[in-house]
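> Okay, handing you the structure first.
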Amino acid sequence: MTTTARDRATSAGAYPSYDDEQPRDYGMLVGGEWVPAASGETIDVITPVDRFKVVARTPRGRAEDADRAVRAARAAYPAWAALPFAERQRALLRIADDLEPLVEDLARLTALDTGNALRTQARPEAALLVQAFRYFAGLAGEVKGVTLPTGDEALSYTRRLPLGVVAGILPWNSPLMIAAFKLPAALVSGNTMVLKAAEDAPLTILELAAVCARHLPPGVLNVVTGYGAEVGEALVVHEDVDKVSFTGSTAVGAGVASRAGQRLAHVSLELGGKSPCVVFPDSDTDAVVEQVLLATRFARQGQSCTSGSRLFLHEDIHDSFLDKLVARASELRVGDPREESSDIGCIINERQWQRVQGYIEDGLAQDGVGVAYDGRASLAVGEPGLYHAPMILTQVSNDWRIAREEIFGPVLSVLRWKDEDEVVRMANDTHYGLAAFVFARDIGAAMRTAHRIESGWVQVNQGGGQLPGQSYGGMKASGQGREFSLEGMLEGFTQIQQVNVRLT
Ligand code: NAD
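Numbering (UniProt numbering), first residue to last: 1 to 504.
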């Protein structure tokens, strides 16, 4: 029997846990119903906490399932789009109110599903989801047009209209946070949606959908599960999907853009990164070390697109800063992501774990590389969890693979610099342009450098995460379009209709 996500989400604490004897069976949310895949096939969801443990089974959606979900979203679209904005606002606020008491459960499920540590990552991620629903509910009335002053005999104005059916494609690394970037903005501006959860970490998205479904008309939000090449691809090429909002790897995103582009669908892409983190000589302090540590995203096992994975240290402070950073990195506790005491959880799956090893081996094989810190030897946890400790490699050259390619693991490449022009050139010598971090007390140097770095998001003297309301997105091969902000919502999920009226 298919147990619905909807049933379980009504009682806090009833989400699947590691201790469940049998895997939970989930359905997909299509037209307000929880349904299996048309084929009846399922995919095992394995927790990174134990690579042998199947915690749930989700439907293996394919083209037929994508089509059912798109048709449900299309059927729900006219009535949803036609609502006064305050109605959509109310629905989002109700969802936020229902999500709030579930934050702890969603955080625990995130830890089980993704391996992200509860305290450092999973809980903030679940809390951000609630904030995002409230933030975008507040923007509901901003989906409005302007009037051109054409005199008393004419009325010339614009209307901001939704795009229609939006397919949101999610990665596994922070499913709730990335759903927060897309879902409330798309819905509040009058679109209906089909979300595709990542095959490796779909559970929190299904539970989120269960809460949303209580407050939305059937079909306004649909969620499909399955493999990217199957149900994901089917959404991208579906002729009734008006917009594809994709977050994932640059390679897959390029294919998505080209296939959606062939049928002239709207596309936005949040892709990979290899972000620079630049420390000036006046910033050799413990406080900056803490922020740089945040920027490394070690506490997310490095599985973050905004990881400051290339650390540029000025030569005058290189050794002293590195000593402090290594001392702090060695204090980070790698452990069960569900434990409060863990700073770092697990890598998502075995394939990714091996991929990280491959990069480390490649880095270690380079002439002149130094190892400032290799936490692997002191790792107190191991099988059956997919644990990995931080690794800090020094004397790295900007043209090595470990400095050019996104590793998506806790591996930091440290590079030395002498002058400002040189460090800006090295920071920009990448095909990515997602995030950047600049640390300098000299505010002139900090701002000059921040403005010269080709990244969609630059942080100065801080290393944390995104805030609702900021424009988030990448330059260059890190993506197209912005999310999580008023302008992101307007540009990404609406279109303008110009109306000219003769009044005489
Ligand atoms: P991925 O590209 O492999 O998959 C992302 C999603 O796309 C998954 O749901 C997958 O099933 C789906 N997919 C795969 N092939 C598809 C296809 N042909 N058509 C349609 N959908 C398809 O990425 P991932 O491994 O899940 O996530 C890690 C990557 O995501 C990293 O590169 C990371 O940098 C990036 N990421 C970017 C951001 C951002 O905001 N820029 C945020 C998180 C992750």
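We put the CB at the ideal spot given by N, CA and C, even for glycine.
Because the structure is a prediction, the values reported are computed rather than measured.
So which of 427, 416, 113 and 17 has the shortest CA-CA distance to residue 404?
If you number the sequence shown from 1, residue 404 lands on position 404. Of the candidates 427, 416, 113 and 17, the one whose C-alpha sits nearest the C-alpha of residue 404 is 427.
> Where does residue 391 fall in DSSP's three states?
Counting from 1 along the sequence shown, the entry for residue 391 is found at position 391. Residue 391 falls in the strand class under three-state DSSP.
> What number of angstroms, rounded off, separates the C-alpha of residue 160 from the C-alpha of residue 85?
If you number the sequence shown from 1, residue 160 lands on position 160. If you number the sequence shown from 1, residue 85 lands on position 85. Each residue's Cα considered, the two are about 12 Å apart.
> In whole angstroms, give me the CA-to-CA distance for residue 17 and residue 106.
Start at 1 with the first residue of the sequence shown, and residue 17 comes out as number 17. Start at 1 with the first residue of the sequence shown, and residue 106 comes out as number 106. Each residue's alpha carbon lies about 11 Å from the other.
> Suppose contacts are defined by Cβ-Cβ distances below 7 Å. Is residue 277 in contact with residue 299 by that definition?
Mapped onto the sequence shown, residue 277 falls at position 277. Mapped onto the sequence shown, residue 299 falls at position 299. Not closer than 7 Å, so no.
> Are residue 439 and residue 326 closer than 7 Å when you measure CB to CB?
Numbered from its first residue, the sequence shown carries residue 439 at position 439. Numbered from its first residue, the sequence shown carries residue 326 at position 326. No, these two residues do not count as a Cβ contact at 7 Å.
> Mapping DSSP to helix, strand and coil, what is residue 127?
For this step, residue 127 is matched to residue 127 along the sequence shown. In the structure shown, residue 127 sits in a helix (DSSP, three-state: H, G or I).
> Our contact map puts residue 485 next to residue 273 with C-beta atoms below 8 Å; I'd like the distance itself, whole angstroms only.
Along the sequence shown, one-based indexing puts residue 485 at 485. Along the sequence shown, one-based indexing puts residue 273 at 273. Not really, about 18 Å apart at Cβ, beyond 8 Å.
> Looking at the strands, I want to know which residues DSSP matches up with residue 436.
As a first step, residue 436 must be located in the sequence shown, where it is residue number 436. Answer is 458, bridged to residue 436.
> Is there a Cβ of chain E sitting closer than 7 Å to that of residue 296, yes or no?
No chain E appears in this structure, which consists of one protein chain only.
> Counting pairs of Cβ atoms below 8 Å between the stretch 230-238 and the stretch 135-147, do you hit three or more?
Too few Cβ pairs lie closer than 8 Å, so no.
> DSSP on residue 363, reduced to helix/strand/coil?
Within the sequence shown, residue 363 is the residue found at index 363, counting from 1. Of the three classes helix, strand and coil, the one that applies to residue 363 here is helix, per DSSP.
> According to DSSP, which residues form a beta bridge with residue 500?
Counting from 1 along the sequence shown, the entry for residue 500 is found at position 500. DSSP, once it has assigned bridges, lists 156 as partnering residue 500.
> In the DSSP output, which residue or residues are listed as bridge partners for residue 472?
For this step, residue 472 is matched to residue 472 along the sequence shown. Its beta-bridge partners are 483.
> Please determine, among 221, 503 and 241, the residue with the shortest C-alpha to C-alpha distance to residue 261.
Here residue 261 corresponds to residue number 261 of the sequence shown, with the count starting at 1. Residue 241 is the option with its Cα nearest to residue 261.
> Can the beta-carbon of residue 162 be found closer than 7 Å to that of residue 31?
Locating residue 162 in the sequence shown gives position 162, where the first residue counts as 1. Locating residue 31 in the sequence shown gives position 31, where the first residue counts as 1. It is not a contact, given that the beta carbons lie outside the stated cut-off.
> Can you tell me whether residue 370 is helix, strand or coil according to DSSP?
Reading the sequence shown from its first residue, position 370 is the one you call residue 370. Residue 370 falls in the strand class under three-state DSSP.
> Can you find at least 3 beta carbon pairs, one from the stretch 24-42 and one from the stretch 202-212, that sit closer than 8 Å?
In short, these stretches touch, since the Cβ pair count reaches three.
> Beta-carbon separation of residue 165 and residue 73 under 7 Å?
Your numbering for residue 165 matches position 165 in the sequence shown. Your numbering for residue 73 matches position 73 in the sequence shown. The answer is yes: Cβ separation under 7 Å.
> May I ask you to check if the CB of residue 267 is nearer than 6 Å to at least one heavy atom of the ligand NAP?
In the structure shown, the ligand NAP is absent; the only ligands present are the ligand NAD.
> Are there three or more Cβ pairs, one per stretch, closer than 8 Å when the stretch 307-326 is compared with the stretch 409-428?
Yes: at least three Cβ pairs fall under 8 Å.
> Taking 6 Å as the cut-off, is the beta-carbon of residue 172 closer than that to any non-hydrogen atom of the ligand NAD?
In the sequence shown, the residue the question calls residue 172 occupies position 172. Residue 172 Cβ: within cutoff of the ligand NAD.
> Using 7 Å as the threshold, is the C-beta distance between residue 178 and residue 110 below it?
To locate residue 178, count along the sequence shown from 1; it is residue 178. To locate residue 110, count along the sequence shown from 1; it is residue 110. Their beta carbons are not under 7 Å apart, which means residue 178 does not touch residue 110 by this criterion.
> With a CB to CB cut of under 6 Å and the five nearest residues on each side skipped, what residues in its chain are close to residue 264?
Position 264 of the sequence shown, counting from 1, holds the residue named residue 264. Cβ neighbours of residue 264 beyond the five flanking positions: none.
> Residue 133 and residue 95: beta carbons closer than 7 Å?
For the purposes of this step, residue 133 is taken as the residue at position 133 of the sequence shown. For the purposes of this step, residue 95 is taken as the residue at position 95 of the sequence shown. Their beta carbons are under 7 Å apart, which means residue 133 touches residue 95 by this criterion.
> Between residue 296 and the ligand NAD, is there a pair consisting of the residue's CB and a ligand heavy atom that are separated by less than 6 Å?
Position 296 of the sequence shown, counting from 1, holds the residue named residue 296. No - the ligand NAD has no heavy atom lying nearer than 6 Å to the Cβ of residue 296.
> Which term fits residue 336, buried or exposed, when burial requires 16 or more other beta carbons within 10 angstroms of its beta carbon?
Looking up residue 336 in the sequence shown gives position 336. Under this definition residue 336 is a buried residue.
> Is DSSP giving residue 34 helix, strand or coil here?
Taking the sequence shown and counting its residues from 1, the one referred to as residue 34 is at position 34. If DSSP states are grouped into helix, strand and coil, residue 34 belongs with the strands.
> State the Cα-Cα distance for the pair residue 8 and residue 65, rounded to the nearest angstrom.
In the sequence shown, residue 8 corresponds to position 8, counting from 1. In the sequence shown, residue 65 corresponds to position 65, counting from 1. Only weak support exists for where residue 8 lies, its pLDDT of 48 falling under 50; the value from the coordinates is given anyway. For residue 8 and residue 65, the distance between alpha carbons rounds to 23 Å.
> Are three or more beta carbon pairs between the stretch 432-450 and the stretch 368-386 nearer than 8 Å?
No, because fewer than three Cβ pairs between the stretch 432-450 and the stretch 368-386 fall closer than 8 Å, the two stretches do not touch.
> Sort 154, 33 and 198 by Cα distance to residue 171 and report the nearest one.
Walking along the sequence shown from the start, residue 171 turns up at place 171. The shortest C-alpha separation from residue 171 is found at 198.
> So residue 80 is in the alpha helix (DSSP H); what residue range does that whole segment cover?
The count along the sequence shown starts at 1 and reaches residue 80 at position 80. Residues 63-82.
> Could you tell me how far apart the beta carbons of residue 283 and residue 441 are, in whole angstroms, since I believe they sit closer than 8 Å?
For the purposes of this step, residue 283 is identified with residue 283 of the sequence shown, where counting begins at 1. For the purposes of this step, residue 441 is identified with residue 441 of the sequence shown, where counting begins at 1. Confirmed, about 6 Å.
> Is residue 283 near the ligand NAD, judged by its Cβ being under 6 Å from some heavy atom?
Counting from 1 along the sequence shown, the entry for residue 283 is found at position 283. No; taking the cut-off as 6 Å, the Cβ of residue 283 has no heavy atom of the ligand NAD nearer than that.
> With 16 as the cutoff for other CB atoms within 10 Å, does residue 191 come out buried or exposed?
Position 191 of the sequence shown, counted from the start, is the residue given in the question as residue 191. So residue 191 counts as buried.
> Contact defined as beta carbons within less than 8 Å: I believe residue 114 pairs with residue 173. What is the distance between those atoms, to the nearest angstrom?
For the purposes of this step, residue 114 is taken as the residue at position 114 of the sequence shown. For the purposes of this step, residue 173 is taken as the residue at position 173 of the sequence shown. 7 Å between Cβ atoms; contact.
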